[in-house]
Amino acid sequence: MKLKKQVTVCGAAIFCVAVFSLYLMLDRVQHDPTRHQNGGNFPRSQISVLQNRIEQLEQLLEENHEIISHIKDSVLELTANAEGPPAMLPYYTVNGSWVVPPEPRPSFFSISPQDCQFALGGRGQKPELQMLTVSEELPFDNVDGGVWRQGFDISYDPHDWDAEDLQVFVVPHSHNDPGWIKTFDKYYTEQTQHILNSMVSKLQEDPRRRFLWAEVSFFAKWWDNINAQKRAAVRRLVGNGQLEIATGGWVMPDEANSHYFALIDQLIEGHQWLERNLGESRPRHGGLPPGLGPQASLASMPYPGATPRSGWAVDPFGHSSTMPYLLRRANLTSMLIQRVHYAIKKHFAATHSLEFMWRQTWDSDSSTDIFCHMMPFYSYDVPHTCGPDPKICCQFDFKRLPGGRINCPWKVPPRAITEANVAERAALLLDQYRKKSRLFRSNVLLVPLGDDFRYDKPQEWDAQFFNYQRLFDFFNSRPNLHVQAQFGTLSDYFDALYKRTGVEPGARPPGFPVLSGDFFSYADREDHYWTGYYTSRPFYKSLDRVLEAHLRGAEVLYSLAAAHSRHSGLAGRYPLSDFTLLTEARRTLGLFQHHDAITGTAKEAVVVDYGVRLLRSLVNLKQVIIHAAHYLVLGDKETYHFDPEAPFLQVDDTRLSHDALPERTVIQLDSSPRFVVLFNPLEQERFSMVSLLVNSPRVRVLSEEGQPLAVQISAHWSSATEVVPDVYQVSVPVRLPALGLGVLQLQLGLDGHRTLPSSVRVYLHGRQLSVSRHEAFPLRVIDSGSSDFALSNRYMQVWFSGLTGLLKSIRRVDEEQEQQVDMEFLVYGTRTSKDKSGAYLFLPDGEAKPYVPKEPPVLHVTEGPFFSEVVAYYEHVHQVVRLYNLPGVEGLSLDISSLVDIRDYVNKELALRIHTDIDSQGIFFTDLNGFQVQPRRYLKKLPLQANFYPMPVMAYIQDAHKRLTLHTAQALGVSSLKDGQLEVILDRRLMQDDNRGLGQGLRDNKRTCNRFRLLLERRTVGSEPDFFSKLAAMFRGLIFHSSRSGNREVQDSHSTSYPSLLSHLTSMYLNTPALALPVARTQLPGPGLRSFHPLASSLPCDFHLLNLRTLQAEEDTLPSVEMALILHRKGFDCGLEAKNLGFNCTTSQGKVALGSLFHGLDVVFLQPTSLTLLYPLASPSNSTDVYLEPMEIATFRLRLG
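For the sequence shown, numbering that gives the first Met the number 0 assigns the number 0 to the initial residue and increments by one for each residue that follows.
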């Protein structure tokens, strides 16, 4: 009671302070004389007065926010110190539903008003090229353009270069896929090692030769197999600029399905490898790298060749705007892309927009700009890189000289360059160079010279380099031709362009356009859209994300355990050697981001190789997590003993093979209690349902303090009608510390008040089936009948079809109106013509047809105190929709999983479509790499398949009143083909190749579990704005009244959109589940286990701790005492309801005090660096307070002691 009183008093205090502050603020605004002049059209002299008023208002808002935050902290402290949390005892009401009493602790949703300003946009200039607008305006007509079939005839005047010579850089390169037709190891053995070995000898033969390499995964494997002499030669070639490592990632990643954690991780892995192995010399020239302040230390920088300066992405199937952001933050200044829709290439070529500054949609000050070059023609091979006519360009690919293994499809072979023919051949080639040059704004020309796995034989090196050198010598000795040609690297080209245009490297050359948006979806010809690979092989897309979540969890726990063990002087006992397992897992995850791996576009045997690697790393990471959790959960660290033969903890689940679904560990209960350690990988405290499997329905669950907890116990079903004998699911709501560990105790025995059974109804729909029963659980079998039914929790009532078992509608408890949310399964076929769907392409035979099961589904309806669910058992999919009866994030959305098995399909794709009455007006939103949201518009002028987009983590539709978000735990293809619809492709089985080089269809389908969360939110923008929306609108009215048009343009173009904070957290809960690790039976924990709270204060809820990554020491296998702390401040929309959400959330205007963040550890060293740690951005300082702008990702070199 005493506690209740205190809470009530504090609540009243908050209310009073808020109302009084609001009164003062509004009073000040109303008495502002400038508001009454000319209806808001202010004389210039009064702008500054107004500015002061706004600043005062902002300050008042912040003070109000801070007061509330302080009171909130006090209340939380009071409730935390109350005597033991009373267990939530659910009770059953007369109308047959369960009620869970509210938690005794209050929850706070305290958002700084200034943090709401960001999502309102309207800052900065609008870029000339907004890709959404470009796509809306282009006709996509595919007119035959002559020799450049997808383009147009290019003309020029030979005198165009009289004033300034054409400067040509021919860039030899070899594109090495780390797995596609062959496995990574087979490619390495049969081709890649020969390419790199020849490179060392052939580049040393002539200092004018150059070579470009991108994939560090192959380079690192080769490096491990060469001697010191060869390594020294490589360092020399890099140092003198003959060899350039472009991008420097572990792979050239797919940009559609990859998550930004994995994109960053493979970039760090590559860059750190380069720094350790190639970065031993000092820079050749003084000065700081572009974009870095004077405080950066040159002494620690690798020399320019070892530090990637330019991005090179010639093969990913469409390009995401996340990549330019990450490359810019890694301090790259320029980049190149290739696979862009042919109609966009043609339009950009015609408007001289193939080179542009690529800017993020939210960027108001050009700090995210990176210079980007788009290759103009069909492919990155030699026939499509010298100029518009592939028949001519092919004649200058000297690997195709007569007598070789490959020739020119245009039937005119290359000819070796001799004294006799050099003039004629040079004129033919120069004509192509000049034509290509007319598509660009500068007189510097880039001509890539390479293809897949090129230069694997010394003969090819000689053929290309000798013949081109003869052509160059001819050009360069004739000033009247006005052309200078040479071999170059990608950065040589960009440097020359910057020099010619008179700007610093990375700066915007005069007149060059600014672009924002992305380049999905990609078509390379006709209506052949590469939108199938967004879903191809979803089993492995899902396994990728499971591995990613485990890697992040293992990184964080390992770093904390290593720091705490050093702090306690016990580092000698802790298995620091687990670092090698972490390194291997980083590289496995990195390898799988390759654009033929996560895409599902490799040969079946290669997919198996990837799968085996993914599973091995997953098993290893579970070991790393178990070892770290064991150390951290011990109350007395002196008792810690590491024994690899007898692990202290068991894993939460196991997989029998790389293509099997996980099987959860069953905890065997007997007379002695069993303990379970729970790991929460989120940086926020979480209140979640944890479900464990046990061998008896007679189970009691106790908290760490020994207090009995209420649990829901259910049977464990193996099919629609069979329960698994002697296995039961016990579900318990638990509160877990941020990034921390909790402890539960399980005992054999029954607690009638707290062990609460689920009840089950089975609908057979007239099918003659026998259903197994268990005396512990009420079971009702309903033979026929199909009336609709509902499940409900404290937030919503959810209606299901009694016939299909699928979702029909959702009604929020505080609303009369039901919201239609109708689900159905659909099937797409493929065309009957020669071009059919395959691993890459989606070529449907028209609109999807309804999925018609042979028999009606068996339905299971489970109801209980903490969760209720509906399972619909269809032949090809088992769909589970679960509703948690819990406050906070878990209870505010629907948990959906679809177990898909289409192994008997022939040329069909299974889709899930949601119909709503949301008036979406042809607009929907999909995320890019889980990092940002990109608005999309359904374009009627394009074929159906063109309107699909990648969905790595979420897609939503909205109108003025509602937003419906589908969150996903695996990347899949998504679209909205009609207003109010969202649809996602679940799996595809295709019997043929789609003629893009793979030579196989998709026939190796697995039983795949796709997991989703469906979140329905109320928007307050158009109806009843909340306090902060009103204030934000007021700010906007004040600031932008005189220049409203500029602001409206940005809003109306729908160029940016952000999830709500609740939506961000929902995604995190789905993608980062808590792990339940049983203490092994043989161990005697006794009273020795204690929950682990690593953070002394919680991070603001718009901050995500992306990684806490222990860095490698100089010795290859050992960890350093330093780690990389990577933080991301998320952009969010305040225009979605934030009342009664039931979880704590505070923002801080981007400020975090890192010095007091870690409990029991001090920050002894902190230095901001570039994204991949190659460049210090400032000297290490004594201040440990950091600030991030919204959407920014920041990396810090950190040492804890």
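Don't be surprised by glycine CBs; every beta carbon is placed ideally from N, CA and C.
Note that the structure is a prediction, hence the values are computed from the model and not measured.
(request) Pick helix, strand or coil for tryptophan 249, following the three-state DSSP scheme. (result) coil
(request) Just mark lysine 602 as buried or exposed, buried being the case when its beta carbon has 16 or more other beta carbons within 10 Å. (result) buried
(request) Could you tell me which residues DSSP puts in a beta bridge with glycine 741? (result) Leu677
(request) Would you list the residues sitting across from arginine 987 in a DSSP beta bridge? (result) Glu908
(request) Using the Cα positions of threonine 1194 and histidine 174, report the straight-line distance between them to the nearest angstrom. (result) 30 angstroms
(message) Count Cβ pairs between the region 637 to 653 and the region 663 to 681 that sit closer than 8 angstroms; are there 3 or more?
(response) yes
(request) Could you please give me the residues that DSSP links to leucine 1199 through a beta bridge? (result) Val1162
(request) Pick out whichever of Phe486, Met251, Tyr187 has its Cα sitting closest to the Cα of phenylalanine 316. (result) Met251
(request) Out of Gly599, Ala329, Pro408, Tyr155, point me to the one whose CA is closest to aspartate 1003's CA. (result) Gly599
(request) Look at the alpha carbon of threonine 132 and the alpha carbon of leucine 514, and state the distance between them as a whole number of angstroms. (result) 11 angstroms
(message) Only counting the same chain, and skipping five residues up and downstream in sequence, which positions put a Cβ closer than 6 angstroms to that of glycine 817?
(response) Residue identity check: residue 817 is glutamate in the sequence provided, not glycine. Answer for glutamate 817: Ser808, Arg810, listed in chain order.
(message) Can you tell me where the alpha helix (DSSP H) holding glycine 310 begins and where it ends?
(response) Element bounds for glycine 310: not the alpha helix (DSSP H) but the beta strand (DSSP E), 309 to 312.
(message) My parser needs the alpha helix (DSSP H) runs of 4 or more residues fully inside the region 1096 to 1137; what are they?
(response) none
(request) Would you grab the beta carbon distance between leucine 489 and alanine 329 for me? Rounded to a whole angstrom, and I think it's under 8 angstroms. (result) About 16 angstroms separates the two Cβ atoms, so there is no contact after all.
(message) Can you check which of these residues, Asp577, Glu583, Ser96, Ser154, is closest to tryptophan 249 by C-alpha distance?
(response) Glu583
(message) Within a Cβ cutoff of 6 angstroms, which residues of the same chain sit near glutamine 1154, ignoring the five residues on either side of it in sequence?
(response) According to the sequence shown, residue 1154 is glycine rather than glutamine. These residues qualify, in order along the chain: Val1162, Thr1183.
(request) Grab the span of the alpha helix (DSSP H) containing threonine 754 for me, first residue to last. (result) Here threonine 754 belongs to no alpha helix (DSSP H); instead the beta strand (DSSP E) covers 754 to 756.
(request) Please state if the CB of valine 826 and the CB of leucine 911 are separated by a distance shorter than 8 angstroms. (result) no
(request) Would you kindly work out how many angstroms separate the C-alpha atoms of arginine 207 and tyrosine 492, rounded to a whole number? (result) 14 angstroms
(request) On the DSSP bridge assignment, give the partners of isoleucine 922 in chain order. (result) Arg936
(request) Could you tell me which residues DSSP pairs with lysine 1150 in its beta bridges? (result) Tyr1186
(message) Is it buried or exposed, arginine 358, if we count other Cβ atoms within 10 angstroms and call 16 or more buried?
(response) buried
(request) With a threshold of 16 other CB atoms inside 10 Å of the CB of glutamate 525, please say whether the residue is buried or exposed. (result) exposed
(request) Can you tell me which of Gly403, Pro408, Pro401 puts its alpha carbon nearest to the alpha carbon of histidine 383? (result) Pro408
(message) Suppose you measure from the CA of arginine 1202 to the CA of glycine 784; what does that come to, to the nearest Å?
(response) The chain is shown only over 0 to 1200; residue 1202 falls outside these bounds and no answer can be derived.
(request) Please list the segments of the beta strand (DSSP E) lying wholly inside the region 789 to 854, counting only runs of 3 or more residues, in order along the chain. (result) 795 to 799, 806 to 811, 818 to 827
(request) Would you check if the region 679 to 697 and the region 1070 to 1079 touch, i.e. whether three or more CB-CB distances between them fall below 8 angstroms? (result) yes
(request) Go ahead and label glutamate 1113 buried or exposed: buried means 16 or more other beta carbons lie within 10 angstroms of its beta carbon, across all protein chains shown. (result) exposed
(request) Look at the Cβ atom of serine 436, then the Cβ atom of leucine 444, and state whether they are nearer than 8 angstroms. (result) yes
(message) DSSP three-state label for alanine 426, please.
(response) helix
(request) Would you decide whether arginine 902 is buried or exposed? Buried here means 16 or more other CB atoms lie within 10 Å of its CB. (result) exposed
(message) If distances are taken between C-alpha atoms only, which option among Glu163, Ile984, Pro1058 comes closest to arginine 440?
(response) Glu163
(request) Measure the C-alpha to C-alpha separation of phenylalanine 41 and arginine 936 and round it to an integer number of angstroms. (result) With a pLDDT of only 44 at phenylalanine 41, under 50, the local geometry of the prediction cannot be trusted, and the value read off the model is given with reservation. Whole-angstrom Cα-Cα distance: 38 angstroms.
(request) Evaluate isoleucine 153 with the Cβ neighbour count: other Cβ atoms within 10 Å of its Cβ, from every protein chain shown; 16 or more gives buried, anything less gives exposed. (result) buried
(request) Would you tell me roughly how many angstroms separate the C-alpha atoms of isoleucine 781 and arginine 772, rounded to the nearest one? (result) 14 angstroms
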